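Numbering (my numbering), first residue to last: 2 to 279.
Here is the structure:
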């Protein structure tokens, strides 16, 4: 009877966060249990990956589930842009310019709902990178993507081994791949030291801080990028904690995105508290 009771409780816990085939790495660790507990009662689907960068141990809950990642694709555009800057095929001072109507069409935005309906967007590559990351500006992202070519972004994903990440009309990826991106960036494996620092500085200047950083102590540095589209809400990045740096990525799909944002913030706080106690 006791065995059946525990089995029933396990099924109930798993059903509250959705059911997928998933990778469990270090699934018996206290950190993994912290992640699982932070999702208790959650409605919707969540994937969470946390990696302790000091000892390179990673815990992954549904980390291999594929999502439309929304604006997280801008991480890849940033990385490919800096690769081309390093190679000399792109300059940070280069001027990018396009008519708003063309950009709206490229973004599949109905003019009725567009941020702008007329005029021209003109930015340097430097400013486009800053706006694309710090405020997640879609026009800046499209200007850059058109310049560096989507085919090259796809090549970057393949070259660096992000095999479950794809660009196109709908950019898709997994929490495992997004975490791997941040790990490579942190270790300086995506570019030279100068441009690695510049990419991290852009991410640290993020202004959309209602998710991962929301409940962290004031002054905590987080290099991160958010993504939102329809019923999806994501955030991923590197937390520079007093007890050691770590990566956290949370991807979600729910019928109430504001609730998912709150859940992501709570997960982040619990993970931060976990690392503060070890």
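Heads up, the beta-carbon is just placed ideally off N, CA and C, and yes, glycines get one too.
The structure presented is a predicted model; accordingly, all values stated were derived computationally and were not measured.
Same chain, Cβ closer than 7 Å to residue 138, five either side skipped, listed in chain order = Sequence-distant partners of residue 138 (beyond 5 residues in either direction) whose C-beta falls short of 7 Å from its own C-beta, in its chain, are 132.
Residue range of the alpha helix (DSSP H) that residue 34 falls in?
-> First-last of the alpha helix (DSSP H) with residue 34: 31-39.
Residue burial classification, residue 114 (beta-carbon count within 10 angstroms, cutoff 16) = Label assigned to residue 114: exposed.
Roughly how many angstroms lie between the CA atoms of residue 233 and residue 181, to the nearest whole one?
-> Take the alpha-carbon of residue 233 and the one of residue 181: they are about 21 Å apart.
Report buried or exposed for residue 61, applying the criterion of at least 16 other Cβ atoms within 10 angstroms of its Cβ.
-> With 16 or more other Cβ atoms inside 10 Å of its own Cβ, residue 61 counts as buried.
In DSSP terms, what residue 226 is bridged to = The bridge partners DSSP lists for residue 226 are 237.
The segment 209-226 contacting the segment 239-253, beta-carbon criterion three pairs below 8 Å = By the Cβ criterion, the segment 209-226 is in contact with the segment 239-253, since at least three pairs of Cβ atoms, one from each stretch, lie closer than 8 Å.
With DSSP collapsed to three states, give me the class of residue 62.
-> Residue 62: strand per DSSP, three-state reduction.
With a floor of 3 residues, list each beta strand (DSSP E) that falls wholly inside the segment 46-112, ordered by position along the chain.
-> As far as the segment 46-112 is concerned, its whole beta strand (DSSP E) runs of at least 3 residues are 46-53, 58-62, 67-69, 96-100.
Selected residue, minimal CA-CA separation from residue 192, among 84, 46, 68 | Considering only 84, 46, 68, the residue with the shortest C-alpha distance to residue 192 is 84.
Going by Cα to Cα distance, which pick from 30, 177, 167, 91 is closest to residue 48?
-> Nearest option by C-alpha distance: 177.
Does the distance from the CB of residue 151 to the CB of residue 169 come in under 9 Å?
-> A Cβ-Cβ contact shorter than 9 Å links residue 151 with residue 169.
Which of helix, strand or coil DSSP assigns to residue 190 = Reduced to three states, the DSSP call for residue 190 is coil.
Of the residues 35, 77, 58, which one's Cα is nearest the Cα of residue 267?
-> Minimum Cα distance to residue 267 is reached at 35.
Count the CB pairs spanning the segment 71-84 and the segment 221-231 that are closer than 8 Å, and state whether there are at least three.
-> Touching, per the Cβ criterion.
Backbone CA spacing between residue 97 and residue 124 [nearest angstrom] = If you draw a straight line from the Cα of residue 97 to the Cα of residue 124, it is about 5 Å long.
Leaving aside the five residues before and after residue 201 along the sequence, list all residues of the same chain whose C-beta is less than 6 Å from its C-beta, in chain order.
-> Its chain contains 224 as the residues whose beta carbon lies nearer than 6 Å to that of residue 201, once the 5 sequence neighbours on both sides are disregarded; these appear in chain order.
Residue range of the beta strand (DSSP E) that includes residue 250 = Counting along the chain, the beta strand (DSSP E) containing residue 250 begins and ends at 245-254.
What is the C-beta distance between residue 45 and residue 254, in whole angstroms, given that I count them as a contact (C-beta under 8 Å)?
-> Contact between residue 45 and residue 254 holds: their C-beta atoms lie close to 6 Å from each other, under 8 Å.
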